[in-house]
Amino acid sequence: MAPSDMYFMEGYGLLEAMSAIEIGEPRLDTGLIKDNEDQTPFDPTTPLLPEEICWILDRAYAYEMEWHTGRVLSHTVFTLVYIHELPNLEPDFTMNLTTQLQDPFRPTELITIVLRSAVQGLLKCCDLSWRELSSGDMLDTEDWQSDKCEVSLLEGMPTKAVIARLEESVSWVFRSTKVPEDWRQPLIARIMLRKSFLQLLECQLHADPMRFVKVIEETRRWLAYVRSHPSSELKSDSPARRAFDPMIIRRLSAAVPASKGAEPDVEWAWCILGAFLDDLHDLCFLATTLSITAWENMGNWRIWSAGSRRQLSYVRSFTQRTFYNGVLVLHHFPFKWLVDRFFLESLGVPYESILRKIGQRWNKKEPPPIQNLERILFTVGLVAFINLRRYLAKSLVIWHRLYDLLLDIKGNLKRNAMPLDDVLQYLPTVVLHWRLSIIQEMIFSAFQLELYSPVEIPFAYWYATKLIEIRLDCLDNLMLVLPNSSLTYHEYRFQKDFLTALQHISMALFFTTLSMVPYDWDSVRPTFYSRYKWAYKPEYDRIKATQIPFPSLHRFIRTCEGIALSEVLEVSPADMIHIANVILKQLSNVGLPDGWAGPGKKYRVQFLQTTLAACERLEALPSSFKEIESFNIGLLKWDIHLHPWFPSLVEEDSGRRKKSYVRHL
344 MAPSDMYFME GYGLLEAMSA IEIGEPRLDT GLIKDNEDQT PFDPTTPLLP EEICWILDRA
404 YAYEMEWHTG RVLSHTVFTL VYIHELPNLE PDFTMNLTTQ LQDPFRPTEL ITIVLRSAVQ
464 GLLKCCDLSW RELSSGDMLD TEDWQSDKCE VSLLEGMPTK AVIARLEESV SWVFRSTKVP
524 EDWRQPLIAR IMLRKSFLQL LECQLHADPM RFVKVIEETR RWLAYVRSHP SSELKSDSPA
584 RRAFDPMIIR RLSAAVPASK GAEPDVEWAW CILGAFLDDL HDLCFLATTL SITAWENMGN
644 WRIWSAGSRR QLSYVRSFTQ RTFYNGVLVL HHFPFKWLVD RFFLESLGVP YESILRKIGQ
704 RWNKKEPPPI QNLERILFTV GLVAFINLRR YLAKSLVIWH RLYDLLLDIK GNLKRNAMPL
764 DDVLQYLPTV VLHWRLSIIQ EMIFSAFQLE LYSPVEIPFA YWYATKLIEI RLDCLDNLML
824 VLPNSSLTYH EYRFQKDFLT ALQHISMALF FTTLSMVPYD WDSVRPTFYS RYKWAYKPEY
884 DRIKATQIPF PSLHRFIRTC EGIALSEVLE VSPADMIHIA NVILKQLSNV GLPDGWAGPG
944 KKYRVQFLQT TLAACERLEA LPSSFKEIES FNIGLLKWDI HLHPWFPSLV EEDSGRRKKS
1004 YVRHL
């Protein structure tokens, strides 16, 4: 549209137009072409140098990784104009170019063979990723962006056909005398990187794990070569610079406004792709590990060690589908196997043995509620072991219902001559321990996601200490029924020591952040009940067992008032940090038994080192109640790049942070 033109359409009048202008609809600016914009038509058959082809391919990878991190296709991959010009790149269409006088440094085949196959490989990679993301538990517009803007991702073209064209491209570059020797191998490496990445996305992990690992290693090798041989920077008048059009959305059927941002950093893209390959490599080893505790540990340690880096949505979806495909667990086992592993790894006793013991000791005329137990186990397994982090709060009611049922079963067993180390004594304890671990993850993950306001931080650390205290009691009881040489015993031993360290750090930070507790408790209540609404659901009213420990604001208030009145601390924050430091150093000893660490051992060690470093940064915490009263709260700085849960003592900008922390007082 020219500035003075007007268009009229049915059902869209002056009122609708003015309403769109009034709300500032950004899509209205999408079609506006400014005077300083280059409006020269794009010619896809313009010959290019080999280094220009490499430059285009590198940026295509960068835009692809941007899409994987959550941006829309119309702002990333689809900005590559050659995607929309694929029909014009066919050799038959461009045959007339071969009859013309060609530039020997810019052979036409670089466009019709090399670039065409690379663009097709890019689209097919996006197609396979799109299928994976749309079939898993990822939420559209929250985890990823599915809008294809009616652009073909070569859905109807077989992957093998695309791979064949990439191989043809490599063969031509290798044999051709038209490609300079200096750029032959860099060009081949980029095409082979696309080929191996495409093969990786097509490969089925459960069908052939060895091939999956082999393809990952091959992709890593090509990625390492490409990173060590970066494409050169182009001149400002190079035709390759017009290969990406940030305003391409004008040609697409898109529901989002145009976004003309900075070009993506290619080195950043290689880092994202490298992390992508690392995560899939870890998953490959995890898929062969027949232990739900190892899966749980791997997930937790990796999330905690990641800092601000989130796993790509593709990896999370692929992980979910690898563990449970809707029918089988790990593509081989029925769901009952998961229940059996739960009790075997928690108590060292198979599920069938537990059912047999319950039947032998049942003390009522009615049969034991096994069907109800298995129904709840099935539900809690689906939510807890298979679904994502966002469903943790929803699983708490189901876990509590299971805890209540096992308490009822335990109460109806014949108690005479039942030894203290009988596993039936501790069935509710196992479930309580798992439920508390979920609540603990929710409490600490809010630090990692930076959800807490300053007023919420003291309660979070205080409540974490109460959770950990009960978890430690559960572990003491569970270790009574386990042989000292079992993997589960060593796992519980490690968890007990690690939780003890976390408890000391959390308690130290609770005491240190007492000055962030508000004087007006009424102002805190809305925030508190909003944060801990999961504990106040009406479903709990129909369950006899009480929640342990219940997040009670009243109890927290009384605790704070008691500390303020006594003005005495049995152990100072500085001493607590020292105790945690000693425990973490002992746990970092590589000679200790691994328990159920499995493939996640390296992440466990990494997080132990990260937490140990956090303790060292907190060594200067107050050493008495008097020092707590005069402590500059602004010295505490929460930085998820250093530790996901705990702050550091930082002098810089402490005054500004103090004002931010206490402005509610």
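If you're matching positions, the sequence shown starts at 344 in the working numbering and goes up one per residue. C-beta atoms are modelled at their ideal positions from N, C-alpha and C, and glycine is treated no differently.
Inspect the CB distances between the stretch 832 to 850 and the stretch 800 to 807 and report whether three or more fall short of 8 Å. yes
Check your understanding: In the stretch 712 to 773, which residue ranges form an unbroken alpha helix (DSSP H) of at least 4 residues, counting only runs that do not cross its ends?
Key -> 713 to 724 and 735 to 754
Identify which residue in 647, 564 and 724 has its Cα closest to the Cα of residue 678.
-> Nearest to residue 678 by alpha-carbon distance, out of 647, 564 and 724, is 724.
| said: Using the Cβ count rule (16 or more neighbours within 10 Å means buried), how would you classify residue 763? | reply: exposed
- With distances taken from CA atoms, which of 774, 623, 434 and 614 is nearest residue 553? 623
- prompt: Skipping 5 residues on each side, what residues in its chain have a beta carbon closer than 6 Å to that of residue 505?
  reply: 463, 464 and 467
Take residue 995 as the anchor and find which of 984, 987 and 978 has the nearest alpha-carbon.
-> Of the candidates 984, 987 and 978, the one whose C-alpha sits nearest the C-alpha of residue 995 is 978.
Q) According to the Cβ coordinates, are residue 863 and residue 930 closer than 8 Å? A) no
- prompt: Is the stretch 972 to 988 close to the stretch 786 to 797, with three or more CB pairs under 8 Å?
  reply: yes
Next item on the list: Please say whether residue 857 and residue 971 have beta carbons closer to each other than 8 Å?
Entry: yes
**Prompt:** Using a threshold of 7 Å, is the CB atom of residue 655 nearer than that to any non-hydrogen atom of the ligand HEM?
**Reply:** Absent from the structure shown: the ligand HEM. Ligands present: none.
Based on Cα-Cα distance, which residue from 961, 926 and 388 lies nearest to residue 432? 388
- prompt: Alpha carbon to alpha carbon, what distance is there between residue 717 and residue 686?
  reply: Rounded to whole angstroms, residue 686 and residue 717 show a C-alpha spacing of 13 Å.
Where does the unbroken alpha helix (DSSP H) through residue 515 begin, and where does it stop?
502 to 518
Q. Among the residues of its own chain, which have a CB less than 7 Å from the CB of residue 698, if the five just before and after it don't count?
A. 713
Handout entry: Nearest residue (CA-CA) to residue 990, options 955, 394, 1006 and 906
Key = 955
Note to self: On the criterion of 16 or more Cβ atoms from any shown chain inside 10 Å, does residue 484 qualify as buried, or is it exposed?
What the structure shows: Under this definition residue 484 is an exposed residue.
| query | Should residue 797 go down as buried or exposed, given a rule of 16 or more other Cβ atoms within 10 Å for buried? | reply | buried
Between the C-alpha atoms of residue 842 and residue 820, what's the straight-line distance to the nearest angstrom? 15 Å
Subject >> Same chain, Cβ closer than 8 Å to residue 786, five either side skipped, listed in chain order >> reply: 803, 806, 807 and 810
### Burial state of residue 383, where buried means 16 or more other Cβ atoms lie within 10 Å
exposed
Leaving out five residues on either side along the sequence, give the residues of the same chain with a beta carbon under 7 Å from the beta carbon of residue 645. 943 and 946
Using alpha carbons as the reference points, say which of 969, 892, 480 and 826 lies closest to residue 666.
Measuring from the Cα of residue 666, the nearest candidate turns out to be 480.
Given a threshold of 16 other Cβ atoms within 10 Å of its Cβ, counted over all protein chains shown, does residue 974 qualify as buried or as exposed? buried
Notebook entry, point to check: Anyone know if the C-beta pair for residue 569 and residue 402 falls short of 8 Å?
Noted result: No.
Span separating the alpha-carbon of residue 926 from that of residue 799
The alpha-carbon atoms of residue 926 and residue 799 are separated by roughly 28 Å.
Item to complete: May I have the straight-line CA-CA distance separating residue 823 from residue 741, to the nearest angstrom?
Response: 27 Å
Given that a residue counts as buried once 16 or more other Cβ atoms are within 10 Å of its Cβ, and exposed if not, what is residue 889? exposed
Review point. With distances taken from CA atoms, which of 879, 901 and 902 is nearest residue 891?
Key: 879
- prompt: Quick one, are the C-beta atoms of residue 834 and residue 939 less than 8 Å apart?
  reply: yes
Margin query: In the DSSP output, which residue or residues are listed as bridge partners for residue 352?
Written below: 355
- [ ] Count the other C-beta atoms from every protein chain shown that fall within 10 angstroms of the C-beta of residue 547, then say buried if there are 16 or more, exposed otherwise.
- [x] exposed
Cβ pair count under 8 Å reaching 3, the stretch 658 to 673 against the stretch 702 to 712
no
Minimum C-alpha distance to residue 684 - residue among 707, 636 and 659 = 636
task: Rank 475, 611, 580 and 512 by C-alpha distance to the C-alpha of residue 404 and give the top, closest one.
output: When C-alpha distances from residue 404 are compared across 475, 611, 580 and 512, the shortest belongs to 611.
Under the three-state reduction of DSSP, which class applies to residue 672: helix, strand or coil?
strand
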